[in-house]
Structure formats: C-alpha cells, structure tokens
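Peer 1: Take a look at this one; I'll ask things after.
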Amino acid sequence: MLLPLQIGITGGIGSGKSVVCKLFSCLGIPVYNADSRAKWLTNHNLQIIKSVVALLGSDAYDAEGLYNTSYVSSLVFKNEDLLKKLNAIIHPVVMQDTADWVENHATSPYVVKEAAIMNKAGDRNALDFVVVVEAPLELRVSRILQRDKRSEDEIRAIVKRQVSDEERKKVADFFINNDEESALIPQVLKLHNIFKAGKISN
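In the numbering used here, each residue's number is its place in the sequence shown (first place is 1) plus 126.
So, in structure tokens, the structure goes:
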C-alpha cells in the first residue's frame, strides 16, 4: 500500500506545537494528536480498560467510568516496573490506532502526528521526519500562565520533568522557531512544500 509521508511534530509545553499543527490543518493536512487520542482510547477502548483494571485495580477508573489519572499517577510514577506494564498496555493500542488512521488518509500527500514525547524518525516509529517547535523558555512560561490555571512554580516543574531542549534537538530533522519574532506561517509553508512532494511505499 502506498502510504503518505508521516511527519512528527513535537516541542516543549508552551512552544506552540498545537498552533503549528493547526496551520498544517488549515492547509488541508490531517493531524493526529497522539496525546489526546491516547486519553480517549484509555477511556473508551475495552481492551485497555480491562487490562488497566487487572493491573491497577478498579480504582483506576472513577464512578463514572473515566480514567482516574491522579490515582494511576500516584501508583506508577513511584514504581517504574508498574509504569512499564501500563505503557505496554496502552502504547500498542495507540500505535495500531495510529496505523489505521494513516491508512484512512492514504490519499493525503503527508500526515502530521503531534506528540509531547517523540523518538527520532525511524526509531521505533513509522515517522519519516520530525519537526521540533522551539521557543524561549520565558516566553513558553508566559504563554502557559495566560492559558492555564497553573502557578509559575507548577509550570517550571512541568518543564523540568519534560525532555530537555538539548535532547529534543537530537531528534529533529527540521525546526520551527515560534519566538513571536520569526514569522510562523512562512516556516510552515516552506515545510509544507517539502513534505507534499512525495510518498513512500510500504
């Protein structure tokens, strides 16, 4: 089957990767948000629900049947083995969901996958290129303060827990500078013209 190029877009919290993805979407390019889709599947996929409850107990879902993020986090983030087992339940389902989504958009010249955490293209993924969205740390913090009901200390703690800018640069094939001084749309259009040029066979 002839598949579209698969482009990964990542960046730290507040970098503006979602804005960049919206611009690609405005150009008619399908966008898959891996993080939000994983949350949806964790709440709705019966295979995941059954396996998570077997691993973590019935409290892993609340009275309304929704994934109890705070409870699960309290268990897995102090137990690396448990976290690996949880990821082994969720990740394969998300990967299959992604593969199905890509096939459903086979007529598109390329597709975009947005995720906060991403390996280098070809490293345990089907990505052809990875785009890293960058912005200065202080600007990122300012954006999140305006967007979310979080304190500055909370935001900086989240940034520290995320992949470092240096590590993120190692996976990048392309960069988009979203510092509010560099024009964003021309950068997206330039990459759009590169990516729409061809397909790969599978």
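Virtual Cβ for every residue (Gly too), placed ideally from N, Cα, C.
1) Please name the residue, chosen from Pro156, Gln222, Leu149, Thr136, that lies closest to Gln173 on a Cα-to-Cα basis.
2) Rounded to a whole number of angstroms, what is the C-alpha to C-alpha distance between Leu265 and Pro156?
3) Beta carbon of Ile175, beta carbon of Glu240: below 7 Å?
4) Rounded to the nearest angstrom, what separates Ala283 and Ser268 at their Cα positions?
5) Which residues bound the beta strand (DSSP E) around Leu131?
6) Less than 7 Å between the C-beta atoms of Leu167 and Lys211, yes or no?
7) Please return the same chain residues whose Cβ sits closer than 8 Å to the Cβ of Asn194, not counting the five positions on each side in sequence.
8) When the Cα atoms are used, what is the spatial distance from Gly142 to Leu315?
9) Under the DSSP definition of a beta bridge, which residues are partnered with Val237?
10) Hey, how far is the Cα of Gln132 from the Cα of Asn159?
11) Nearest to Glu293 by alpha carbon, out of Leu310, Trp227, Val258?
Peer 2: The short version:
1) Gln222
2) 28 Å
3) Taking 7 Å as the Cβ cut-off, Ile175 and Glu240 do not qualify as a contacting pair.
4) 14 Å
5) 131–136
6) Not a contact, by the Cβ cut-off of 7 Å.
7) Asp185, Ala186, Tyr187, Asp188
8) 16 Å
9) Gln132.
10) 13 Å
11) Residue Val258 is the option with its Cα nearest to Glu293.
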